[in-house]
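Heads up: the structure comes next, in structure tokens.
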Amino acid sequence: MRNLMRTHLTLLNLTLFFLHIASAQPNDWQEVQQIFGRKGTIQEDMIKLTFPRTDLEIHVGDVSIEPALALTTWIAFMNTKEGTMMMGDLVLTESEIHPVMKKLLDNGVEITALHNHLTDESPNVMYMHFSGQGQPTKLATVMHEALAITNTPTGPLPLRAERIDKTDWSTVESILGVTGKRAGGVLQLSIPRAETISERQMEIPPFMGMATAINLQMVEKKTATTGDFVLVAHEVNPVMKALTEHGIAVTALHNHMLNESPRLFFMHFWGYDDPEKLARGLRAALDKTNVLKKK
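Residues in the sequence shown are numbered consecutively from 180, following the numbering used here.
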């Protein structure tokens, strides 16, 4: 009898162990992608889905903004011990703000910021940052319904001829010390911070929007650049000074989260000039920050 009980207890313990292991395994994210009808980019136990606002024609002065430069909604999910964490940034027209906000708040998704990233753009666009935690398919369903309220193109990305960008960005990349990736006619660079960033005692990796982002778009012989620096308090004014001294405008300074540690500020910028000149200005600003150094 005792041997039988020991056997049952052993089987029970093994079952609980394997259930724990299974629950700790990264989500394969298949259901989340099915909800959105679109594949995401998977990195470790995270996934990010992007939704370029190709429906919008936005100009800053004479520059026609490509979606990859400053007009892409993104939604990211990360597995944690407490469930799935979700963060992201919605690109919205002014008429879309209120109904989307109501949809998110009614379904338990927190709005963590609402603000501009650009200035002097026409028509105006706003950016709504959000955070949620829970069951991944439920979170994805809410976000899919929120996107449906807007004119954001969803579902599979349309099959169309990819713009062939022959721009040589090697000098810019060399000045900045970072190799970027191309998205259409835009060069996108991501520069992580050196320290660990957390929210509610959970580490938030750079993939979840915690890295300085620099995007560049060639416009004839000049380059438009925009993005945001991820900063701690004592870096704000030195970075602002470095940018403005190099002819790069600071377009916004604000927060993206509510409970992060250390406290972070996100500084958005706009420049339109010779690409190497802009790169030197951006490099001067990066040098004022605690970015992760290459090994």
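We put the beta carbon where it would ideally sit given N, CA and C, even for glycine.
Model, not experiment: these values are computed from the prediction.
| Item | Value |
| --- | --- |
| Per-residue DSSP class, three states only, for P231 | strand |
| Given 8 Å, three or more beta-carbon pairs between the region 433-445 and the region 378-390 | yes |
| Spatial distance of N330 from E300 (CA atoms) | 19 Å |
| Spatial distance of D224 from I383 (CA atoms) | 12 Å |
| Reduced DSSP category for L471 - H, G, I as helix; E, B as strand; rest coil | coil |
| Spatially closest choice to L471 from A373, R232, V288 and L271, by CA coordinates | A373 |
| Test item: CB-CB of L293 and V279 under 8 Å | no |
| CA-to-CA distance, E399 to N258, given in whole angstroms | 43 Å |
| Where T186 falls, given that 16 or more other Cβ within 10 Å makes a residue buried | At T186 the pLDDT is 47, less than 50, meaning the model places this residue with poor confidence and gives no usable figure here. |
| Exposure label - A327; buried when at least 16 CB within 10 Å | exposed |
| T229 and P332 closer than 8 Å at C-beta | no |
| Short Cβ contact (8 Å threshold) for L432 with G460 | no |
| Contiguous alpha helix (DSSP H) assignments of at least 4 residues, all confined to the region 219-298 | 246-249 and 273-285 |
| Cβ neighbours of G313 in the same chain (closer than 6 Å, five flanking residues each side left out) | G262 |
| Where N394 falls: helix, strand or coil (DSSP) | strand |
| Counted within 10 angstroms of its Cβ, other Cβ atoms place E455 as buried (16 or more) or exposed | exposed |
| Residue nearest to M305 in terms of C-alpha spacing, selected from L336, T272 and G287 | T272 |
| DSSP three-state assignment for Q312, whether helix, strand or coil | strand |
| Straight-line Cα distance separating A249 from V239 | 11 Å |
| Assigned exposure category for D453 - 16 Cβ within 10 Å defines buried | exposed |
| Proximity of G426 and Q396 at Cβ, strictly below 8 Å | no |
| Whole beta strand (DSSP E) elements within the region 376-463, 3-residue minimum | 391-398, 401-410, 428-433 and 444-452 |
| Beta-bridge pairing of E300 - partner residues as DSSP gives them | V239 |
| Any beta strand (DSSP E) of 3 or more consecutive residues that is wholly inside the region 330-366 | 360-362 |
| Among D344, T391 and P335, the one whose alpha carbon lies nearest that of G219 | P335 |
| Nearest residue (CA-CA) to K345, options L366, P337 and W253 | L366 |
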